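First up is the structure itself, then whatever we jot down about it.
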Amino acid sequence: IESKGGCRKNNMPPMQGMIFSGTLLPNLRRLFAGSAEAYQYGWEAVRNFHYNGDVIILAIFALVPIPLTKLYHKIYYRLATKLKHIQEKDYETSKIGAVGKVLSQGGRIASIVYLVELAVTFMVAVLSKTYKAPTSSIMNAKTGTTPKHLLPLQKFPVLFANCAYGFWLAQKVVKLKSRLLKKFYAKLPDPETYDRLLDFFIYVLGSIFVLESSNFDLGALVKSLVAIGGLSSIVVGLALQGPATQLLQGALLMAANKFRRNEQIKLGDGTQGKVVDIGLLETTIMSGDDVQTKIPNSKIAGQNFANLSRSKLSNVQFDLRFYLKDMDRVQDIIEAIRTEIVAACPKLITDGSRPFRIMWTDIKSDHIVVTVNTHHKIPPACQAYWENREQVLLAIAKATKQRNVKFAMPVTLRASLDT
Numbered sequence: 002i003e004s005k006g007g008c009r010k011n012n013m014p015p016m017q018g019m020i021f022s023g024t025l026l027p028n029l030r031r032l033f034a035g036s037a038e039a040y041q042y043g044w045e046a047v048r049n050f051h052y053n054g055d056v057i058i059l060a061i062f063a064l065v066p067i068p069l070t071k072l073y074h075k076i077y078y079r080l081a082t083k084l085k086h087i088q089e090k091d092y093e094t095s096k097i098g099a100v101g102k103v104l105s106q107g108g109r110i111a112s113i114v115y116l117v118e119l120a121v122t123f124m125v126a127v128l129s130k131t132y133k134a135p136t137s138s139i140m141n142a143k144t145g146t147t148p149k150h151l152l153p154l155q156k157f158p159v160l161f162a163n164c165a166y167g168f169w170l171a172q173k174v175v176k177l178k179s180r181l182l183k184k185f186y187a188k189l190p191d192p193e194t195y196d197r198l199l200d201f202f203i204y205v206l207g208s209i210f211v212l213e214s215s216n217f218d219l220g221a222l223v224k225s226l227v228a229i230g231g232l233s234s235i236v237v238g239l240a241l242q243g244p245a246t247q248l249l250q251g252a253l254l255m256a257a258n259k260f261r262r263n264e265q266i267k268l269g270d271g272t273q274g275k276v277v278d279i280g281l282l283e284t285t286i287m288s289g290d291d292v293q294t295k296i297p298n299s300k301i302a303g304q305n306f307a308n309l310s311r312s313k314l315s316n317v318q319f320d321l322r323f324y325l326k327d328m329d330r331v332q333d334i335i336e337a338i339r340t341e342i343v344a345a346c347p348k349l350i351t352d353g354s355r356p357f358r359i360m361w362t363d364i365k366s367d368h369i370v371v372t373v374n375t376h377h378k379i380p381p382a383c384q385a386y387w388e389n390r391e392q393v394l395l396a397i398a399k400a401t402k403q404r405n406v407k408f409a410m411p412v413t414l415r416a417s418l419d420t
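Everything in the sequence shown is counted per our numbering, starting at 2 for the first residue and increasing by one.
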């Protein structure tokens, strides 16, 4: 039962098993309002665990490796350049530099973990004294009497250490994995995609390792989540359905390698552009006007799309309109256009494997429709495609100009001009 001041009446301890929930503010008040005797008790608990040798070892690992390896690197290359005539390498990219950084980082993380452990030791001792526990040393396994509700807080340094070391080791594994991919698997279709997928699995496995090493009962956690019933489980399930689907679709898109960064794709809804980024939740596509659009992966997976960058052939097609009065000349115009296109487009496919058609396709009340359908050995959506498309248009313009033929205007446009 909480009083108006935020402290518990009758010196009632917080709920057991909680670390911060509902206990943080009351415990902080007790900590800062502790008596001199409680603070003295806390310092005694710290002194029982603090050894000068520990500080010296941690300081050596945190501060010495980098200067020492730099000195070794400098002396080695001074001698090597004189004896073997080799070029000096940069310390930051050298192997000895990497060893020095790893040792120094490990020492710094260990120092932070050590300080956290001392701080929590002090807090637990002061709070246990404030809760009027017996005055024996709380850190003595035989005589210690830490209140049960403070045991989770006492275990916090273990969780903090596991998280710090686990995240640091995961980063090192990720860097090592990236180097191995670049060195041995550079010929993969999309190394970046596999790199990011492996990053995801490494951090997932690292999180599981941290939970297991911190004595979290994952089986009980999963069972409790499965056993949750009622409206709350429905709300949580509906809330996580979208992100979970997008996360799964993102992983599947990366694994399927249907497209990768800097490739041109065209979606079934008409969206077309260059793939800028493929994330686990969404994909970023940049259109021709440099506008970047973020599309959920579930939406991309739910429609057809074409990878234009992996297509080796392209199609150029136009519908030409001629006046009915030029009907007798249309066949001659078609042959002239055919000749000009063949001469202007060296990569035009004319062996019959792809259509090359220039023919009448329709007759309207005021004009004739001639369709020009060509295929070329040029990928679509690239600079060469647009240059080739321009050559087709110039060939058509040249042929019609030589025959002194004008294109028929649409009826609506001609009516507006006449008025």
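We put the CB at the ideal spot given by N, CA and C, even for glycine. Predicted model only: the values in this text are computed from it and were never measured.
To which residues of the same chain is Leu206 closer than 7 Å at the C-beta, ignoring the five residues directly before and after it?
none
Best match in Val114, Glu118 and Val121 for proximity to Gly167 [C-alpha to C-alpha]:
Val114
What whole-angstrom Cβ distance do Ala307 and Lys267 have, given they're in contact under 8 Å?
5 Å
Please work out which residues of its chain come closer than 6 Å, Cβ to Cβ, to Gly274, disregarding the five sequence neighbours upstream and downstream, and give them in chain order.
Ile286, Met287 and Ser288
Whole-Å CB distance - Asn305 paired with Glu283, under 8 Å assumed
No, Asn305 and Glu283 are not in contact; Cβ-Cβ is about 19 Å, not under 8 Å.
Excluding the 5 residues flanking Lys176 on each side, which residues of the same chain have their C-beta closer than 8 Å to its C-beta?
none
Given a cut-off of 9 Å on the beta-carbon distance, is the pair Ala162 and Glu118 in contact?
yes
Could you tell me which residues DSSP puts in a beta bridge with Gly274?
Ile266
Would Leu421 pass as a contact of Ile369 if the rule is Cβ separation under 9 Å?
With the chain covering only 2 through 420, there is no way to say anything about residue 421.
Rounded to whole angstroms, what is the Cα-Cα separation between Asp320 and Val373?
6 Å
Residue environment, Arg390, which counts as buried when at least 16 other CB atoms sit within 10 Å
buried
Could you tell me which of Arg180, Asn316, Val159 and Phe202 sits nearest to Ala171, measuring between CA atoms?
Phe202
Could you give the distance in angstroms between the alpha-carbon of Ile364 and the alpha-carbon of Lys295?
44 Å
What distance in whole Å lies between the Cβ atoms of Tyr92 and His74, which are believed to be in contact at a cut-off of 8 Å?
5 Å
Can you give me the start and stop residues for the alpha helix (DSSP H) that Gln403 sits inside?
Gln384 to Gln403
Closest to Tyr40 by C-alpha separation, out of Asp291, Ala81, Met124 and His376, would be which residue?
Met124
Are the CB atoms of Gln265 and Ser310 within a distance shorter than 9 Å?
yes
Cross-strand partners of Ser315 (DSSP beta bridge)
His377
Give the range of the alpha helix (DSSP H) segment to which Glu93 is assigned.
Unbroken run through Glu93: none, as it is neither H nor E.
Nearest candidate by alpha-carbon position, reference His377, set Asp352, Ser354 and Lys348:
Lys348
If I measure Cβ to Cβ from Gly269 and keep anything under 7 Å in the same chain, skipping five residues before and after, which residues do I get?
Gln304, Asn305 and Phe306
Rounded to whole angstroms, how far is the Cβ of Val276 from the Cβ of Phe260, which I believe are closer than 8 Å?
6 Å
What runs of the alpha helix (DSSP H), each 4 residues or longer, lie entirely inside the segment 32-63?
37-50
Which whole-angstrom value describes the C-beta separation of Arg404 and Asp329, a residue pair presumed to lie in contact below a C-beta threshold of 8 Å?
Actually they do not touch by this definition, with Cβ atoms about 12 Å apart.
Do the CB positions of Ile335 and Thr375 come within less than 9 Å of each other?
no
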